[in-house]
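Be aware that the sequence shown starts at 747, since it is given in our numbering, and climbs by one per residue.
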Amino acid sequence: MVLVAQASQSERTLFIQRTYGHLAGAVAAFTLLEFAFLNSPLAGMMLNLLSANRYMWLLLLGGFALLGWLARELASRTSSLQSQYLGLGFYVIAEAIIFVPLLFIAIHFSSPSVLPNAVVLTGVMFAGLTAIAFTTRQDFSFLRGALTMGGFIALGLILCSIMFGFSLGLWFSLAMVVFACAAILYDTSNIIHHFSTEQYVAASLELFASVALLFWYILRILMEFNRR
747 MVLVAQASQS ERTLFIQRTY GHLAGAVAAF TLLEFAFLNS PLAGMMLNLL SANRYMWLLL
807 LGGFALLGWL ARELASRTSS LQSQYLGLGF YVIAEAIIFV PLLFIAIHFS SPSVLPNAVV
867 LTGVMFAGLT AIAFTTRQDF SFLRGALTMG GFIALGLILC SIMFGFSLGL WFSLAMVVFA
927 CAAILYDTSN IIHHFSTEQY VAASLELFAS VALLFWYILR ILMEFNRR
């Protein structure tokens, strides 16, 4: 396997085109799945289930974290395109399901401007962070330790909030936006410096996961401001 950093200019260009093309495809698939889920009985069923028992959120988030980890491992640990596509598809479906309750509440109980504003803000921030990573050519692999620690801390706080019934509030969402921005910088740098030219599907999965995280918490922040 040839690393992107060691490949020729034409190979690097093709890798980047494929990576961001697959990212766009994943976002499009996510959007279509959300449209289908939100216009099906699934949305109501999930809301009723989650409102009936707060521990269902724990089960949902735990299952989502496990499925997400398995999907990313499947995609990143192999050069097989079939396995990479399987991991990407698996993860997009899992993300679409976990987003259903939040998007349903945003659409039906918040201002009509909340959701499109969240989409625009996410897109602008992602574009800006991507530009920073590509123009500086900085290797942000040093962020790995901080992201790992931050991820465990965030997961612990989420679990405690579910188990003990307290709200994490606006500051937690703001901190998670910073975390997601750091993850995007790390992921973008990682695919430039450490991925092979055959891992473009896995690279798109890494980016999609971080973009979805950023979108989730930007949407939560805007919904919180809307309630106030």
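The beta-carbon is built from N, C-alpha and C at its ideal position, and this holds for glycine as well. From a predicted model like this one, the values you see are computed outputs, not experimental measurements.
Per the coordinates, the alpha-carbon of residue 838 lies some 23 Å from the alpha-carbon of residue 905.
Inclusion of residue 919 and residue 853 in the CB contact set at 7 Å is not warranted, their separation being larger than that value. Here residue 895 is exposed. Its C-beta has fewer than 16 other C-beta atoms within 10 Å. Restricting attention to 937, 964, 923, the CA atom closest to the CA of residue 861 is found in 964. Contact between residue 789 and residue 850 holds: their C-beta atoms lie close to 5 Å from each other, under 8 Å. Between the region 863-870 and the region 884-893 there are fewer than three C-beta pairs closer than 8 Å, too few to call the two in contact. A contact between stretches requires three or more CB pairs, one per stretch, nearer than 8 Å, and the region 939-951 fails this requirement with the region 907-918. Residue pairing by DSSP places residue 914 opposite no residue, since no beta bridge is assigned to it. Spanning the alpha carbons of residue 926 and residue 784 requires a straight line of approximately 25 Å.
Note on residue 870: under 16 other CB atoms within 10 angstroms of its CB, so exposed under the neighbour-count rule. If the five residues before and after residue 893 are omitted, its C-beta is found closer than 8 Å to the C-beta atoms of 925, 928, 929, 932, all from its own chain and listed in chain order. With a cutoff of 7 Å on beta-carbon distance, residue 779 and residue 842 are scored as near each other. Beta-bridge pairing by DSSP links residue 857 to no other residue. Setting aside the 5 residues that flank it on each side, residue 761 is surrounded in the same chain by 750, 943, 946, each with a C-beta closer than 6 Å to its C-beta; the list follows chain order. Contact between residue 951 and residue 833 holds, since their C-beta atoms are separated by about 6 Å, short of 8 Å. By the neighbour-count criterion, in which 16 or more other beta carbons inside 10 Å mark a residue as buried, residue 899 falls on the exposed side. C-alpha of residue 796 to C-alpha of residue 770: approximately 31 Å in a straight line. If you check the CB distance, residue 972 and residue 857 come in under 7 Å. The C-alpha of residue 909 lies about 52 Å from the C-alpha of residue 754. When DSSP states are grouped into helix, strand and coil, residue 942 belongs to the strand group. Counting only residues of its own chain and dropping the five nearest sequence neighbours on each side, residue 847 has a CB closer than 8 Å to the CB of 789, 792, 793, 796. The beta carbon of residue 959 is closer than 6 Å to those of 926 in its chain, skipping five residues each way along the sequence.
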